[in-house]
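Visitor: For what it's worth, this note's numbering labels the leading residue of the sequence shown as 42, then goes sequentially.
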Amino acid sequence: MAQRTTAAARKYAADQERNEKKIAAGLVSERFPKVAGMVIKMTYYQEMANPVLMVRTVNVFPSSHAYFHMQCAVKECDEGGFDLEPIIARMIRGNKRSVKGEMTCSGKGDKLDKNHASISYEIKVRYRNKSK
Ligand SMILES: [Zn+2]
42 MAQRTTAAAR
52 KYAADQERNE
62 KKIAAGLVSE
72 RFPKVAGMVI
82 KMTYYQEMAN
92 PVLMVRTVNV
102 FPSSHAYFHM
112 QCAVKECDEG
122 GFDLEPIIAR
132 MIRGNKRSVK
142 GEMTCSGKGD
152 KLDKNHASIS
162 YEIKVRYRNK
172 SK
């Protein structure tokens, strides 16, 4: 029972921290003023006893928070996840319209396999029309 409370408290703390990071990241319109919109498509793979495959599409608007850390769906994985922020920042710096790639979860734990989860992503960016 005690352990369950600890896990819930840890989950709550993690959620709080996530929220704070999200706010600290600022808005897309501030961080990336030339971006009119973004679509992030992810396929999530989990390699455990029961392989899981999830597809998720995230629409990003100038009013969205510039926070692109995707959580790992493995319960035991506390500090893992996928940080697309560096990829997106590099992409926008280079005025790229689309990028594809793969990433392995950074989470580590006793019960976790190093390759317990990975994603493949496709990011598309629309830029504001500078000529107008
Ligand atoms: Zn993970």
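Glycine included, each C-beta is placed from N, C-alpha and C at the ideal position.
Predicted model only: the values in this text are computed from it and were never measured.
Hey, quick one: how far does the alpha helix (DSSP H) through V69 stretch, first residue to last?
Guide: 69-72
Visitor: When DSSP builds the beta bridges, which residues end up paired with V166?
Guide: M79
Visitor: Which same chain residues end up closer than 6 Å to H110 when comparing Cβ atoms and leaving out the 5 residues on each side of it in sequence?
Guide: Spatial neighbours of H110 in its own chain (CB-CB distance under 6 Å, excluding positions within 5 residues in sequence) are listed in chain order as G122, D124.
Visitor: Please work out which residues of its chain come closer than 8 Å, Cβ to Cβ, to Y108, disregarding the five sequence neighbours upstream and downstream, and give them in chain order.
Guide: K62, K63, A66, E126
Visitor: Is the CB-CB distance between I160 and T84 below 8 Å?
Guide: Taking 8 Å as the Cβ cut-off, I160 and T84 qualify as a contacting pair.
Visitor: Decide if the region 88-104 is in contact with the region 147-159; the criterion is three or more beta carbon pairs, one per stretch, under 8 Å apart.
Guide: Yes, the region 88-104 is in contact with the region 147-159.
Visitor: At a cut-off of 7 Å, would you count V93 as near ligand 1, judging by its Cβ distance to the nearest heavy atom?
Guide: Checking the Cβ of V93 against ligand 1 gives no.
Visitor: Who are the Cβ neighbours of M95 in its own chain at under 6 Å, not counting the five residues just before and after it?
Guide: Y85
Visitor: Is H157 near ligand 1 - that is, is its Cβ less than 7 Å away from at least one heavy atom of it?
Guide: yes
Visitor: Classify Q87 as helix, strand or coil using the three-state DSSP reduction.
Guide: strand
Visitor: Any heavy atom of ligand 1 inside 7 Å of the beta-carbon of Y142?
Guide: According to the sequence displayed, residue 142 carries Gly and not Tyr. Checking the Cβ of G142 against ligand 1 gives no.
Visitor: Determine, using beta carbons only, whether V140 and M79 come nearer to each other than 8 Å.
Guide: no
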